[in-house]
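Residue numbers (our numbering), protein chains in the order written: chain C, 4 to 116; chain S, 5 to 119.
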């Protein structure tokens, strides 16, 4: 059974810092891995999707990497801003022929001005 | 121009009642999902539908009955509500059933409180 863990559970940094969020998963037989952002009282917004054959994806100040063999993914946020404050969730898609996302426990990020 | 919408946003009800949550997507997607986020913010899939056909049922109690009248709508009906059903329920959609490059688009959530 796939288990997805994220550390740290919470992170507080001053504006401008570069930071790394970690995600680990127990079963490497994944279809892809996705990072989402959740703002308080809102739904999830997709940030990055890494296919199982890929090693990383980049979007603006965000870079996500995937190492299937070690069961790890990292989300790197460069030059953090207060607007980055949110909960970040990683999810493994373990479905074959259909999407079945197994979510991690989330990292709550606070970027202070 | 809301992509995935849910109603109601908040639902407060007594134990034992029956309630429904509605979801609609205007993205033309084939596949829709229901997720439950518990008090510890853990998000777990409940159901997945593709073109009105049930694909995933994650051992959810049969008090929960999803209904998809067409591929743009996936409603969730809950019978005999229990205290443990209190959670935020999210609807989501994706373009296709199997898409290695497709992500999911989430609604704003419905916060259900059972008293």
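Where is the CB? At the ideal position from N, CA and C, for every residue including glycine.
Treat the numbers as computed from the prediction; the structure is a model and nothing was measured.
Figure out for me which residue from the options has the closest Cα to the Cα of residue i.
i: residue 18(S); options: 115(S), 64(S), 84(S); result: 84(S)
i: residue 63(C); options: 96(C), 44(C), 79(C); result: 79(C)
i: residue 30(S); options: 97(S), 91(S), 38(S), 48(S); result: 97(S)
i: residue 69(C); options: 116(C), 18(C), 86(C), 31(C); result: 31(C)
i: residue 81(C); options: 28(C), 22(C), 75(C); result: 22(C)
i: residue 99(C); options: 33(C), 45(C), 48(C); result: 33(C)
Less than 8 Å between the C-beta atoms of residue i and residue j, yes or no?
i: residue 77(C); j: residue 67(C); result: yes
i: residue 25(S); j: residue 109(S); result: no
i: residue 27(S); j: residue 66(S); result: no
How would you list, in chain order, the residues of chain S whose beta-carbon sits under 7 Å from the beta-carbon of residue i?
i: residue 2(C); result: Here chain C comprises residues numbered 4 to 116, so residue 2(C) is not present and cannot be evaluated.
i: residue 52(C); result: 105, 107
i: residue 37(C); result: 107
i: residue 45(C); result: 112
Go through its chain and collect everything with a Cβ distance to residue i's Cβ below 6 Å, but skip five positions before and after it.
i: residue 25(C); result: 10, 77
i: residue 37(C); result: 52, 94
Mind listing the chain S neighbours of residue i? Cutoff is C-beta to C-beta under 9 Å, in chain order.
i: residue 73(C); result: Residues of chain S passing the Cβ test: none, with the nearest at roughly 21 Å.
What residues in its chain sit with their C-beta under 7 Å from that of residue i, if we drop five residues either side in the sequence?
i: residue 101(S); result: 34, 35, 54, 59
i: residue 105(C); result: 5, 7, 94, 95, 97
i: residue 35(C); result: 52, 53, 54, 55, 96
What residues from chain C crowd round residue i, counting only those whose CB sits closer than 8 Å?
i: residue 143(S); result: Residue 143(S) lies beyond the residue range present for chain S, which begins at 5 and ends at 119; the question has no answer from this structure.
i: residue 59(S); result: 101
i: residue 52(S); result: 101, 102, 103
From residue i to residue j, what distance separates their C-alpha atoms?
i: residue 87(S); j: residue 101(C); result: 32 Å
i: residue 48(S); j: residue 19(C); result: 33 Å
Residue i versus chain C: which residues are under 9 Å apart at the beta carbon?
i: residue 94(S); result: 46, 47
i: residue 102(S); result: 34, 98, 99, 100, 101, 102
i: residue 98(S); result: 102
Could you tell me which chain S residues have their CB closer than 8 Å to the CB of residue i, listed as they occur along the chain?
i: residue 92(C); result: 47
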